Every structure is written in structure tokens, then in C-alpha cells.
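A.B. asks:
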Amino acid sequence: MKSLIFAILCIFSTFASAAVSELGFNEDASYPEFAVNGRALAMGNAYIAKVDDASSAFYNPAGLGTVRYSHLHLSNFHIELNKGWMDITGKGNIADNFSNFMDGFSLEGQRKLLLENRNKTTHTRFGIMPNFTTRYLSFGYMLSKRTKARLHADYGDDFEYADRTDHGPYVAANVSFLGGIFKVGATALWLNRKEAKGVQDENISADFGDDVYKKGSAIIAIVGGKLTLPVSMLPTFAVVLRNAGSQKFSSSGAGAPDKIKQTIDLGFSLTPQVGNVIRTHFEINYKDLSDKYGVNVKRRLLLGMEIDIARTFFIRFGYGDAFGSMGIGVRSKKLEFDLTTYAVDNSASDLRGQEDRRFAMTLSSGF
Numbered sequence: 131m132k133s134l135i136f137a138i139l140c141i142f143s144t145f146a147s148a149a150v151s152e153l154g155f156n157e158d159a160s161y162p163e164f165a166v167n168g169r170a171l172a173m174g175n176a177y178i179a180k181v182d183d184a185s186s187a188f189y190n191p192a193g194l195g196t197v198r199y200s201h202l203h204l205s206n207f208h209i210e211l212n213k214g215w216m217d218i219t220g221k222g223n224i225a226d227n228f229s230n231f232m233d234g235f236s237l238e239g240q241r242k243l244l245l246e247n248r249n250k251t252t253h254t255r256f257g258i259m260p261n262f263t264t265r266y267l268s269f270g271y272m273l274s275k276r277t278k279a280r281l282h283a284d285y286g287d288d289f290e291y292a293d294r295t296d297h298g299p300y301v302a303a304n305v306s307f308l309g310g311i312f313k314v315g316a317t318a319l320w321l322n323r324k325e326a327k328g329v330q331d332e333n334i335s336a337d338f339g340d341d342v343y344k345k346g347s348a349i350i351a352i353v354g355g356k357l358t359l360p361v362s363m364l365p366t367f368a369v370v371l372r373n374a375g376s377q378k379f380s381s382s383g384a385g386a387p388d389k390i391k392q393t394i395d396l397g398f399s400l401t402p403q404v405g406n407v408i409r410t411h412f413e414i415n416y417k418d419l420s421d422k423y424g425v426n427v428k429r430r431l432l433l434g435m436e437i438d439i440a441r442t443f444f445i446r447f448g449y450g451d452a453f454g455s456m457g458i459g460v461r462s463k464k465l466e467f468d469l470t471t472y473a474v475d476n477s478a479s480d481l482r483g484q485e486d487r488r489f490a491m492t493l494s495s496g497f
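Residue 131 is where the sequence shown starts when you use the numbering used here, and the numbers rise one by one after that.
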């Protein structure tokens with residue numbers, strides 16, 4: 131009888147631990163975009179009123195109405211790593227570092243490294259988005275792969291993991307009215323998602339087969355609008371509706387991925403001119419207006435600032451998901467380059483539960 135009671139308590143403890151601490155992509159409430167860029171992340175992801183480039187398709191398609199130059203960018207890519215990942219891959223001699231670096235891009239490699247470097251959370255993201263973008267129109271293909279892993283005494287000493295791959299073609303279009311004062315836009319993305327997340331014993335391999343992953347596809351629509359008043363500092367109001375058609379994923383593998391929540395984001399910005407070549411931009415966004423994710427409102431209130439020097443050099447600061455961000459950037463007709471640091475909260479809904487500091491680079495070039 132004592133053995134039976136002990137077994138039941140162990141099982142209950144395991145399920146309770148998983149329910150409380152399972153690692154996932156909790157930042158989706160504040161960072162819901164399928165394809166991100168360093169410019170937005172440096173501004174705390176407060177970007178739906180400012181956006182004026184190829185990323186309009188995923189931040190606010192109405193922003194296509196303010197695209198300055200047409201371009202075909204085939205080398206558009208984004209990579210980011212967090213402090214925990216750097217800590218576990220950067221120890222040892224040069225040979226060890228190279229081996230750790232390669233291992234760090236798989237869940238199994240991260241599990242092995244975390245066994246030697248406990249109480250860390252790792253994060254990686256790699257994305258590419260070749261596209262043709264001009265004023266009023268953008269189309270291309272997006273691919274984004276994200277992994278997270280954790281082995282931490284505060285969360286039960288089990289290995290927690292999350293792995294998500296998104297890809298698919300997209301097209302976005304914009305229509306402007308009243309000489310560009312009012313803009314509306316829409317994006318259609320054929321999203322294919324492969325996702326797995328869970329908790330397991332730290333000594334079990336994380337080299338998963340396809341049967342572990344949930345897989346599915348769906349046509350996801352994003353609809354947005356911008357209203358810019360033609361007065362001093364160009365006050366701009368913005369709104370975005372995500373998964374406008376409330377579509378669910380088809381099902382294969384281990385089942386259908388979780389439905390993407392239909393959310394509304396609001397934004398407001400001011401863009402004062404400072405001298406002949408310097409512009410500043412201040413923006414505030416309120417993500418997930420109807421609180422579909424159940425995340426603390428202070429984490430969904432985002433602030434961003436950009437200093438634009440001759441439309442070429444940029445300095446950015448922000449506040450998103452309750453943590454600060456900053457970055458620098460360079461832009462020309464053929465090149466966009468950004469270096470960024472930002473942070474998210476790894477807790478499910480609390481405010482400042484656990485900081486996940488990340489470092490990102492975005493590079494886009496072409497014709």
C-alpha cells in the first residue's frame with residue numbers, strides 16, 4: 131500500500147510540475163509576428179504604426195503604403211541567440227567551443243550541454259524571408275525556426291523543450307485613401323507549422339522523430355489600418371487584427387498545432403523633426419487588446435523610440451514584455467543591417483518572472 135501511495139504521489143507531482151512549468155513560446159502575446167526584424171525588436175516591438183518596409187506584411191500590412199523604395203531581397207535573414215545559449219556554448223577551449231556551438235543548434239545538443247551547465251534557459255531563432263516589396267505590394271516566402279530549452283532547479287530539474295518551425299508563401303497588399311492619410315492592408319499567408327513542446331526526464335534523448343511533432347497548415351490573414359494626421363509630428367493611429375479568419379490548422383503527425391489566437395493590436399506614434407537631417411519617432415503599442423493570452427497587461431504595453439539620422443543611420447530604444455531593448459541600424463536602397471538586444475519574460479503570465487536576454491542580427495540585401 132505504501133508503494134502504491136508513493137507511486138501515485140510521484141505521478142501527481144510529475145503532472146503538476148509539467149502543468150506549472152512547461153516551457154513554451156509565452157512571448158507570443160507581445161511578439162505575435164511570424165517573421166520578426168531587428169528594427170522592431172530594438173524598439174520593444176512597438177512598430178505597427180511606424181512599419182514602412184518588407185516586414186509590414188507581418189507587423190501591419192497597411193505600412194506598405196509608406197514603403198520608399200522597391201526592392202528584391204533574396205538574402206533577407208534574421209538570427210538570434212540568448213544569453214543562456216551563449217553561456218553553455220562558450221565554455222572551454224577553442225575546439226570545445228566549436229563543438230558546443232554546433233551542438234547548440236539542436237534540442238539534443240542543448241540537452242547535453244545543459245546537463246553540464248544547469249539552471250539555464252536557451253533560445254535560438256533563425257529566419258529567412260526572400261521577398262519582392264514595393265509600395266502597395268509585397269510577396270515572398272518566410273521560414274522561421276525557433277527552439278527553447280531549460281534545465282533549472284526552480285522548475286523541477288526536468289528537461290523542458292519547445293521547438294517550432296513555420297514556413298510558407300505570402301502576399302500582402304495595401305490601399306491608400308485621402309492622399310495617404312488613411313491606409314488599409316491585408317496579408318494572406320499559407321502557414322505550415324511543425325511544433326513540439328513538453329517536459330521529460332533529463333537523461334532521455336531529445337533527438338525526436340517526426341511522430342512527436344504536431345503538424346498542420348492554415349491560411350492565416352492579417353488585416354491592418356493606419357490613420358496619419360497631416361499636422362505637426364504626424365500623429366499616427368494603427369490597428370491590426372491577427373488571424374482575421376479565425377482559421378485552425380489541419381492535422382497530421384501527433385495532431386494539429388494549437389490554433390493561433392485571434393488578437394487585436396493598437397498603436398499610436400509621433401514623429402517630430404529635429405533639424406534638417408534628424409527625425410525622432412516615439413511609439414506605443416497595446417498588444418492583444420482582448421487578453422486572449424491571459425498575460426499581465428504591463429507585458430503587453432510596448433514602448434519604442436527611433437532616432438533617424440539622414441535616413442541612413444538609426445539608434446533605437448524600447449520597452450517590451452516588461453524589459454528594455456536597444457539597437458543600431460544602417461539602411462540604404464540595397465542594404466538593411468540591424469544589431470539588437472531585447473528580452474522576454476519566460477513566465478507564463480506573471481510580470482518579470484524570468485528575464486530571457488537575447489541578441490539578434492538582421493541582414494537584408496538585394497536589388
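For glycine and all other residues, C-beta sits at the position ideal for the given N, C-alpha and C.
All values derive from a computational prediction rather than experimental measurement.
Taking 7 Å as the cut-off, decide whether the C-beta atoms of residue 290 and residue 387 are in contact.
C.D. replies: In this structure, residue 387 does not lie closer than 7 Å to residue 290 by Cβ.
A.B. asks: Let's see if you can read the secondary structure: which residues bound the alpha helix (DSSP H) around residue 238?
C.D. replies: Residue 238 -> alpha helix (DSSP H) spans 237-246.
A.B. asks: Note the first and the last residue of the continuous beta strand (DSSP E) segment covering residue 357.
C.D. replies: From DSSP, the beta strand (DSSP E) with residue 357 extends over 344-358.
A.B. asks: Okay, do the region 376-383 and the region 407-425 touch, 3+ Cβ pairs below 8 Å being the bar?
C.D. replies: These segments do not touch.
A.B. asks: Using the Cβ count rule (16 or more neighbours within 10 Å means buried), how would you classify residue 308?
C.D. replies: Exposed: under 16 other Cβ atoms inside 10 Å.
A.B. asks: Looking at residue 181: is its Cβ nearer than 7 Å to the Cβ of residue 190?
C.D. replies: Contact: yes.
A.B. asks: Have a look at residue 500 and residue 463 and give me their C-alpha separation to the nearest angstrom.
C.D. replies: Nothing can be reported for residue 500, as the shown portion of the chain is limited to 131 through 497.
A.B. asks: Which runs of the beta strand (DSSP E) spanning at least 3 residues fall entirely within the region 413-470, listed in chain order?
C.D. replies: Correct list: 431-439, 443-450, 453-461.
A.B. asks: Assuming residue 488 and residue 478 form a contact by the criterion Cβ under 8 Å, report the distance between their Cβ atoms to the nearest whole angstrom.
C.D. replies: The Cβ separation is near 18 Å, so there is no contact.
A.B. asks: Once DSSP output is grouped into helix, strand and coil, what is the label at residue 228?
C.D. replies: Correct three-state label for residue 228: helix.
A.B. asks: What does a CB cutoff of less than 7 Å around residue 496 pick up in its chain, not counting 5 residues either side in sequence?
C.D. replies: Correct list, in chain order: 201, 202, 203, 204, 205, 464.
A.B. asks: With DSSP as the reference, identify every bridge partner of residue 178, one or two as the case may be.
C.D. replies: Residue 178 pairs with nothing; no bridge assigned.
A.B. asks: Helix, strand or coil: how does DSSP classify residue 384 here?
C.D. replies: Note: residue 384 maps to coil in three-state DSSP.
A.B. asks: One question on the structure: do residue 92 and residue 442 come within less than 7 Å of each other, judged by their Cβ atoms?
C.D. replies: This structure gives no information on residue 92, because the portion of the chain shown stretches from 131 to 497.
A.B. asks: Can you find a CB in chain D that lies within less than 7 Å of the CB of residue 349?
C.D. replies: Absent here is chain D; the protein component of the structure consists of one chain.
A.B. asks: Excluding the 5 residues flanking residue 351 on each side, which residues of the same chain have their C-beta closer than 6 Å to its C-beta?
C.D. replies: Cβ within range, chain order: 318, 374, 375.
A.B. asks: Am I right that residue 241 and residue 279 are in contact with their C-beta atoms under 8 Å? What's the rounded C-beta distance?
C.D. replies: The Cβ separation is near 7 Å, so the contact holds.
A.B. asks: Is it right to say residue 404 is buried, meaning 16 or more other beta carbons lie within 10 angstroms of its own, or is it exposed?
C.D. replies: Exposed is the call here.
A.B. asks: Pick from 172, 166, 173: whose alpha carbon is nearest that of residue 186?
C.D. replies: Cα-wise, what sits closest to residue 186 is 166.
A.B. asks: Among the residues of its own chain, which have a CB less than 6 Å from the CB of residue 359, if the five just before and after it don't count?
C.D. replies: These residues qualify, in order along the chain: 365.
A.B. asks: Alpha carbons only, please: which of 213, 250, 196, 370 is nearest the one belonging to residue 286?
C.D. replies: Residue 250 is the option with its Cα nearest to residue 286.
A.B. asks: Please go through the same chain and pick out, in chain order, the residues whose beta-carbon is closer than 7 Å to the beta-carbon of residue 163, but skip the five residues on each side of it.
C.D. replies: 188, 189, listed in sequence order.
A.B. asks: Helix or strand or just coil, what does DSSP make of residue 335?
C.D. replies: Three-state result, residue 335: coil.
A.B. asks: Along the beta strand (DSSP E) that carries residue 491, what are the first and last residues, could you check?
C.D. replies: Unbroken beta strand (DSSP E) run through residue 491: 485-495.
A.B. asks: Quick one: grab the DSSP three-state call for residue 252.
C.D. replies: Strand.
A.B. asks: Excluding the 5 residues flanking residue 196 on each side, which residues of the same chain have their C-beta closer than 7 Å to its C-beta?
C.D. replies: Around residue 196: 182.
A.B. asks: On the DSSP letters alone, give me the boundaries of the alpha helix (DSSP H) that residue 216 sits inside.
C.D. replies: Run containing residue 216: 213-219, per the alpha helix (DSSP H) assignment.
A.B. asks: I'd like to know whether the C-beta atoms of residue 192 and residue 355 end up nearer to each other than 7 Å.
C.D. replies: Yes, the pair counts as a contact, with Cβ atoms nearer than the cut-off.
A.B. asks: Using a 10 Å radius around the Cβ and a threshold of 16 neighbouring Cβ atoms, would you call residue 221 buried or exposed?
C.D. replies: It counts as exposed.
A.B. asks: Hey, how far is the Cα of residue 217 from the Cα of residue 244?
C.D. replies: Near 10 Å, if we compare the C-alpha coordinates of residue 244 and residue 217.
A.B. asks: Rank 445, 440, 393, 460 by C-alpha distance to the C-alpha of residue 160 and give the top, closest one.
C.D. replies: Per the Cα distances, 393.
A.B. asks: Thinking C-alpha only, which one of 414, 347, 372, 402 is nearest residue 382?
C.D. replies: Taking only the C-alpha atoms, the option nearest residue 382 is 347.
A.B. asks: Helix, strand or coil, according to DSSP, for residue 163 in the structure here?
C.D. replies: It is coil, neither helix nor strand.
A.B. asks: Which value, in whole angstroms, describes the spacing of the CA atoms of residue 171 and residue 329?
C.D. replies: For residue 171 and residue 329, the distance between alpha carbons rounds to 29 Å.
A.B. asks: Going by the beta-carbon positions, is the gap between residue 261 and residue 298 smaller than 7 Å?
C.D. replies: Not a contact, by the Cβ cut-off of 7 Å.
A.B. asks: Under DSSP, the beta strand (DSSP E) around residue 372 begins and ends at which residues?
C.D. replies: From DSSP, the beta strand (DSSP E) with residue 372 extends over 366-372.
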